[in-house]
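Peer 1: Below are the structure tokens for one structure; questions will follow.
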Amino acid sequence: MKAPAFSYVRAESIEHALELLSRHGSAAKILSGGQSLLPALNLRLAVPAILIDIGRLDELRGIKLRDDIVAIGALTRHADLLTSEDISASLPLLRQAAAHVAHPAIRNRGTIGGNLAHADPASEFPACMLALEARMVIRSEGGERRVNARDFFRGIYETALEPHELLTAIEVPRPQPGSRTYFHEFVRRSGDYAMTGLAALAHVDGAQLGDLRLSYFAIGDRPHLARATAYLVGVDITAERIAEAQASLDAELDPPDDQQASAAMRRHFARLLLSRCVADVLERPELAMEVVR
Amino acid sequence: MSRSDQPKGLTALDRPNSYIGQSVPRPNLDRLLQGRGQYVSDLVLPRMVHVAFVRSPHAHARISAINTEAAKAMPGVVAVVTGRELAGVVTPWVGVLSHLKGLKSAPQHAMAIDRVCWQGEAVVAVLASSRALAEDAAEAVEISYEELPAVTDMRSALDPATPVIHPDLGDNLAFERNHDAGAVDAAFAEADEVVEAEFVFGRHTGVTLEPRAVVADWNVGEGRLTIYQGTQAPHMVQNIAAKHLGLAEQQVRVVCKDVGGSFGIKVHIYADEMAAYGLAKLFRRPVKFVADRVESFNTDIHARDHICKGRIAVNRNGLIKAFEIDDLTGIGPYSMYPRTSAVEANQVVNLVGGQYTTPNYRARARVVFQNKNVTCQYRAVGHPIACSVTEGLVDLAARRIGMDPVQIRRLNLIGDDAYPCASPTGLRFEALSHHASLQKLLQMMDYDVLRAEQARLRREGIHRGIGLASFIEVTNPGAAFYGVGGARISSQDGVTVRLDAAGSVTCYTSITEQGQGSEAITAQIVATGLGVSIDRVRVVLGDTDATPYGGGTWASRAAGIGGEAALQSAKALRGNILQVAAAILQARPADLDISDNAVVDPSSGERKIELSELARIVFFRPDTLPPGLQPEMVATRHFVPREYGFAFTNGIQASRLEVDTTTGFIRLLDHWVVEDCGTVINPQLVDEQIRGGVVQGLGAALFEHCIYDERGQLTNANMADYLVPMAAEMSDIAVGHVVTPTKESELGAKGAGEAGTAGAAAAVANAVNDALSPFGVTIAEIPLTPRVILSALGRA
Amino acid sequence: MTATRIALMVNGESISADVPARLNLADFVRDQLGLTGTHVGCEHGVCGACTMRVDGEIVRSCLTLAVQADGCAVETIEGLSDSGEIADLQAAFRERNALQCGYCTPGMLFTAQDLLLKCANPERTEIREHLSGNYCRCTGYHAIVDAVERTAKARQRRP
Ligand SMILES: Cc1cc2nc3c(=O)[nH]c(=O)nc-3n(C[C@H](O)[C@H](O)[C@H](O)COP(=O)(O)OP(=O)(O)OC[C@H]3O[C@@H](n4cnc5c(N)ncnc54)[C@H](O)[C@@H]3O)c2cc1C
Ligand code: FES
Ligand code: FES
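Those protein sequence lines, which keep their order, are chains P, E and W.
When we follow the working numbering, the leftmost residue of the first sequence carries the number 1, and every step to the right adds one.
When we follow the working numbering, the leftmost residue of the second sequence carries the number 294, and every step to the right adds one.
When we follow the working numbering, the leftmost residue of the third sequence carries the number 1090, and every step to the right adds one.
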């Protein structure tokens, strides 16, 4: 199980990386943390002619707080998200999620940019970005563009990135003060990819939900933002409301059936996560209990 | 001589400064802790080349053409070899044993010749200067296949409409055994209740962390083949390699240093390893083969894969009247060599119901061929199946009659005073301790308190379960396993002990070490038997040129058989030394002993002569010894149990867990084991064998599954998709002992390597069913995944 | 596809070497430097046997290219042992028989030490969680958790 032969260039600057990308196009692969690319290479599932290593581009690293957004450099590692106080304070959802991504040694190298570009439908971060309404900052020799998370994820391992483009940063709007987050995933073993999971952002308005974004992962070919929240926002939440929302959620999902979980299980988990999330953000545990019956 | 014949105070176990029964740290650990181990994967020899195999992508296909030209022209390539070419060097084999009546299999070659029979079978070998270059060239080999229908479902393997994998054999039935004891029909007819279930056991595999690894070195000048291999049985490899390469046995040397895990995976003869030996001979240079993880999943033996129907007859007073089973297992396209793939099913027949008193037992086992990877003996061969079926049925019976699982076991387990006795299949039990073990287990776990807690939590909607599984385990096999069937696998083991000139001791044993602690227990026994401190003893193992001839480490035999050989050889050397000491000291040998590295007066403890001084005289100044005395500072002894075919051990496990009935997830809370392996040579090593074994059983119970599709493709042949148990999901494991030494040996030790695996899955399954009892469902399938649980509960 | 020259520190020794781009760090230290204490169990990042330290942080060396380690400080089990940094942890593993075949051990030691450096007094569940990416087929983990816990306690008692 040895990687096939390829060439390797270490990018000296973003411009250098972009120039290499435009020269080699789809024969090239960006190397960030390598935690998804190297397994694929070792298993000979990927056969790039050249790797463009952006790992030393410090300008792609780091977390910057601006007035209304948090800008996260593409090379920011999972370990950084887990330990950064800025993230804990402003985007706790990402810290919660990072704890569930792989294991310490992998989190020390895996990067947020690589993770999002890889777009594994079972991954935690793409769903978080969808919940948080993040924008991807994408550069090519032709210039810079921004793509909303909702439009960025296109399918299994598929994104809006063109072969000559580089994901340089993620801009995450700071949630309004008082927002609540919820994160839970069903995994067989700690650190595994999820069977189904939920990353959610809620705004609680008295006893009601002012806003609710339920972003599911491992439920389809890309993260899924539930439309069923329409049944829950701005109304008094009762078991009946939740049941309605669950039924509607069920109708909008088309989950896969695979070794990890059957489609029916994924639907079941998705419904459970909905009620548990609502119960959690409203601090009304009885809401989660009632639907179990 | 048995223990009871000896005057007290003179047994090996009671000698002054005895190491037996002590948790002495293993001498080889420091090396491994510092990264200074010597595993075969680490080995580099001059002129060594690496082999990569081109393996079949199909489960069953005819090979219509092979083109190796492009591959041969690739950088670094030394040779590209087909199965037909290799067949000129390595002769084929058939994995049968004559005592398994009717067992049949087809000739198997080191590499496929004109047909492939499972996905992963090696077809072409590429030799190159590095593994990466060999893999590059392997991609350039062109093979055309004509796909044939694949037999994958064992349930239909015997249907007339199903193609026969080996037409010469007539059908896909490799082996069938029927057994009928007592009055089964009458027992079922008369019993108050009859309960039945179909138990399903997924295929899983060993996943040793170091994959299989071989370096084969044919030295044409010496006419010798040296095989460096992570194997449990060096002499078996020597014998078989010689036989199929057309060499005399002394032309083959097998060397085995550190091994990164075995568990039965590394006790077989694999076709690709035979190919590596053959390639070394063909190209007259060292050839290295290290399976990568994908190859491991596709070609390391798999195990289990049984569907076993079971029935139990029980009276309302709790008396079990009969067991009946019908077991079906799929073993892949060939019976494995030389141990065969019929042994697991045979063990299931042997073991079901073996811990209980009922004499009424009927069993059928059928072993069928399939186009999947081969299965064979993996840790606790057959035991987890027999235990899960037996204990699953007993729990079902208890539930049917409304009796506590402890009570039904108390009523039916063979009494601790009933020995010697025999099972309905004729297994002879020397002495077991089912009731003492059960009692100890209940104390350790505080059974009644846990039952009360369970009832309380159940009212709160929390579903905890407690499951028990008593078991018997086959250890210390004599010739009955393989020798009587014609396999050239030694039942005996031997140990040579040598006193060296500086008073230290070198000891050569035919048992092998893969982390169990063979080296440590050998040193403990020799140090004790001889009377020296353990740091003076150096143990050499794993080299057919150096050690006595013997079987190696498998089937929980190393401590019981190799340990006794160590004890007897140490005692023999002690006798030799005392003879010389007596001559020097002008005393009688019987009035002397060795203790703490010196010859002493046993009554006063007075040190008469240091062993180092005695050795100095023997080796450097024999001229000062009395005339005619020829000191013999080496002794060798062999041992094989003669009275009993196997030393049975017994034990009982319990699992406590919580089932989330909403999600189907299981959380392990506690696991307890009480085990009786006779004399405990090193309590810590025994406990850790048990714990490691339990977790392998828990892996099977909850996670591990080789998932094949209907075309015979293994769909999860990597470590991301094949789930092994990891630290976070496992619980601590409490281990306790009851000690009933075997009288077959002075040491009294039986095996302990497989007990953990034997009962763990059964305990978990019983606990899950106990937790789910309010829902009126029973699950008889492992692995117990959330999907299985949820679908049983009708939730997904 | 020619070799690239890299210069790095390995266990405190400065090394320069020509490496093909595809060579991973595990194979580099094993095959080119003879540091075979780094073990390879899966080559796809799951088993943890190849864990070592690069610039002071634990990584999977099968998922790191040797060229990526250019200019870095690499520590393998041989160096970590010789430095004496984990002598107490190794002693605890020995006393507790927290290894059987020893193949997972170098990676386990690196991961355990990583935890102990970050968290002085971990709970057993935290130990299990931190080690959750390191596979051990032999021990069943209990003894490893004991050894790490004991080392943490002993280090806390140290002045
Ligand atoms: C055992 C194991 C368990 C794991 N478990 C999880 C898990 O539970 N959840 C999870 O989410 N992930 C998991 N991962 C994957 C991990 O999170 C990876 O780190 C991540 O998916 C990829 O990040 P990377 O920086 O390593 O990217 P790389 O592997 O370097 O790259 C991944 C892909 O993205 C492309 N790419 C990288 N950076 C950019 C960029 N800036 N612009 C454009 N394209 C780019 C690459 O060309 C490549 O195709 C696991 C990995 C392993 C080995
Ligand atoms: S070999 Fe690197 S994680 Fe398994
Ligand atoms: S000790 Fe063998 S894998 Fe851990």
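All C-beta atoms, glycine included, are put in the ideal place defined by N, C-alpha and C.
Bear in mind the structure is a predicted one, so any value in this text is a computation, not a measurement.
Taking the alpha-carbon of residue 1171 of chain W as reference, which of E:588, E:327, E:380 and E:342 has the nearest alpha-carbon?
Peer 2: Of E:588, E:327, E:380 and E:342, the residue nearest in Cα terms is E:327.
Peer 1: When we look at the beta-carbon of residue 292 of chain P and count the other beta-carbons within 10 Å, is it buried (16 or more) or exposed?
Peer 2: With a pLDDT of only 41 at residue 292 of chain P, under the threshold of 50, the placement of this residue in the model should not be trusted, and no figure is reported.
Peer 1: Does ligand 1 have a heavy atom nearer than 7 Å to the CB of residue 78 of chain P?
Peer 2: Flag set: Cβ of residue 78 of chain P near ligand 1.
Peer 1: Which word fits residue 1024 of chain E, buried or exposed, when buried means at least 16 other C-beta atoms lie within 10 angstroms of its C-beta?
Peer 2: With 16 or more Cβ atoms within 10 Å of its Cβ, residue 1024 of chain E is classed as buried.
Peer 1: Counting along the chain, where does the beta strand (DSSP E) carrying residue 546 of chain E start and finish?
Peer 2: Unbroken beta strand (DSSP E) run through residue 546 of chain E: 545 to 548.
Peer 1: Who are the Cβ neighbours of residue 958 of chain E in its own chain at under 7 Å, not counting the five residues just before and after it?
Peer 2: So the list reads 1079, once near-sequence residues are dropped.
Peer 1: Quick test of your reading: residue 382 of chain E and residue 538 of chain E, contact by CB under 8 Å. State the CB separation rounded to the nearest angstrom.
Peer 2: So it is a contact: roughly 7 Å between Cβ atoms.
Peer 1: What residues from chain P crowd round residue 1222 of chain W, counting only those whose CB sits closer than 8 Å?
Peer 2: Simply 102, 103, 104, 105, 106 and 191.
Peer 1: Of all the CB atoms in chain W, is at least one closer than 8 Å to the CB of residue 944 of chain E?
Peer 2: With 8 Å as the cut-off, residue 944 of chain E does not count as an interface residue toward chain W.
Peer 1: Please confirm whether any heavy atom of ligand 1 lies closer than 7 Å to the CB of residue 555 of chain E.
Peer 2: Residue 555 of chain E Cβ: outside cutoff for every heavy atom of ligand 1.
Peer 1: I'd like to know whether the C-beta of residue 1002 of chain E is nearer than 8 Å to at least one C-beta of chain W.
Peer 2: Not one chain W Cβ lies under 8 Å of residue 1002 of chain E.
Peer 1: Would you list, in chain order, the members of the segment 545 to 560 of chain E that have their beta-carbon closer than 9 Å to a beta-carbon of chain W?
Peer 2: The residues in question are 551, 552, 553, 554, 555 and 556.
Peer 1: Mind listing which residues of the segment 1021 to 1054 of chain E have their C-beta closer than 7 Å to chain W's C-betas, in chain order?
Peer 2: Per Cβ criterion, the list reads 1021, 1023, 1025 and 1026.
Peer 1: Tell me whether residue 27 of chain P is buried or exposed, calling it buried when 16 or more other Cβ atoms sit within 10 Å of its Cβ.
Peer 2: Classification for residue 27 of chain P: exposed.
Peer 1: Expressed to the nearest angstrom, what Euclidean distance is found between the alpha-carbon atoms of residue 1004 of chain E and residue 268 of chain P?
Peer 2: Approximately 30 Å between the Cα atoms of the pair.
Peer 1: Since residue 1115 of chain W and residue 1136 of chain W should fall inside the 8 Å C-beta cutoff, what is the C-beta to C-beta distance between them, to a whole number of angstroms?
Peer 2: Actually they do not touch by this definition, with Cβ atoms about 11 Å apart.
Peer 1: For a minimum of 4 consecutive residues, which ranges assigned as the alpha helix (DSSP H) are wholly contained in the segment 697 to 780 of chain E?
Peer 2: DSSP runs (the alpha helix (DSSP H)) wholly in the segment 697 to 780 of chain E: 698 to 705, 727 to 738 and 740 to 752.
Peer 1: Under 8 Å, CB to CB, which of the residues in the segment 1141 to 1158 of chain W have a partner in chain P?
Peer 2: Result list: 1146, 1147, 1148, 1149, 1151, 1152, 1153, 1154, 1156 and 1157.
Peer 1: Here's the rule I'm using: 16 or more other beta-carbon atoms within 10 Å means buried, otherwise exposed. How should residue 1208 of chain W be labelled?
Peer 2: The residue is exposed, with fewer than 16 neighbouring Cβ atoms inside 10 Å.
Peer 1: Is the beta carbon of residue 531 of chain E less than 8 Å from the beta carbon of residue 542 of chain E?
Peer 2: Cβ atoms of residue 531 of chain E and residue 542 of chain E: closer than 8 Å.
Peer 1: Using the C-alpha atoms, what's the distance from residue 1071 of chain E back to residue 498 of chain E?
Peer 2: The straight-line gap from Cα to Cα measures roughly 26 Å.
Peer 1: Buried or exposed: where does residue 828 of chain E fall if 16 or more other Cβ atoms within 10 Å of its Cβ makes it buried?
Peer 2: That one is exposed.
Peer 1: Going along the chain, which residues of the segment 34 to 58 of chain P sit with their C-beta nearer than 8 Å to a C-beta in chain W?
Peer 2: Under the 8 Å Cβ criterion, the segment 34 to 58 of chain P contributes 34, 35, 38, 39, 41, 42, 43, 51, 53 and 55.
Peer 1: Residue 856 of chain E by DSSP, collapsed to three states: which one?
Peer 2: Helix.
Peer 1: Give me the chain P residues within the contact set of residue 367 of chain E, using Cβ-Cβ distance strictly less than 9 Å, ordered along the chain.
Peer 2: By Cβ distance, chain P contributes nothing, its closest Cβ being about 11 Å from residue 367 of chain E, past 9 Å.
Peer 1: How is residue 299 of chain P classed by DSSP in three states: helix, strand or coil?
Peer 2: What the structure shows of chain P is the stretch from 1 to 293, and residue 299 of chain P is not part of that stretch, so it cannot be assessed.
Peer 1: Quick check: what's the CA-CA separation for residue 75 of chain P versus residue 110 of chain P?
Peer 2: Roughly 8 Å between the two C-alpha positions.
Peer 1: Consider the Cβ of residue 1107 of chain W: report whether some Cβ of chain P lies at a distance smaller than 8 Å.
Peer 2: False, the Cβ-Cβ gap to chain P never drops below 8 Å.
Peer 1: On the three-state DSSP scale, how would you describe residue 84 of chain P?
Peer 2: In the structure shown, residue 84 of chain P sits in coil (DSSP, three-state: anything other than H, G, I, E or B).
Peer 1: By the criterion of Cβ-Cβ separation under 9 Å, what are the contact partners of residue 1200 of chain W in chain P?
Peer 2: Result: 103, 104 and 105.
Peer 1: Does residue 107 of chain P come out as helix, strand or coil in the three-state DSSP assignment?
Peer 2: DSSP places residue 107 of chain P in helix when its eight states are reduced to three.
Peer 1: Who are the neighbours of residue 184 of chain P on chain E, taking C-beta pairs under 8 Å?
Peer 2: Under the 8 Å cutoff, chain E gives no residues; its nearest Cβ is about 11 Å from residue 184 of chain P.
Peer 1: Given that a residue counts as buried once 16 or more other Cβ atoms are within 10 Å of its Cβ, and exposed if not, what is residue 914 of chain E?
Peer 2: Residue 914 of chain E is exposed by the Cβ-count criterion.
Peer 1: In whole angstroms, give me the CA-to-CA distance for residue 106 of chain P and residue 1149 of chain W.
Peer 2: Taking the straight line from one Cα to the other gives about 7 Å.
Peer 1: For residue 899 of chain E and chain P, any beta-carbon pair shorter than 8 Å?
Peer 2: Taking Cβ atoms only, chain P never reaches closer than 8 Å to residue 899 of chain E, which makes this a no.
Peer 1: Name the residue from P:70, P:65, P:101 and P:73 whose alpha carbon lies nearest to the alpha carbon of residue 82 of chain P.
Peer 2: Closest by alpha carbon: P:101.
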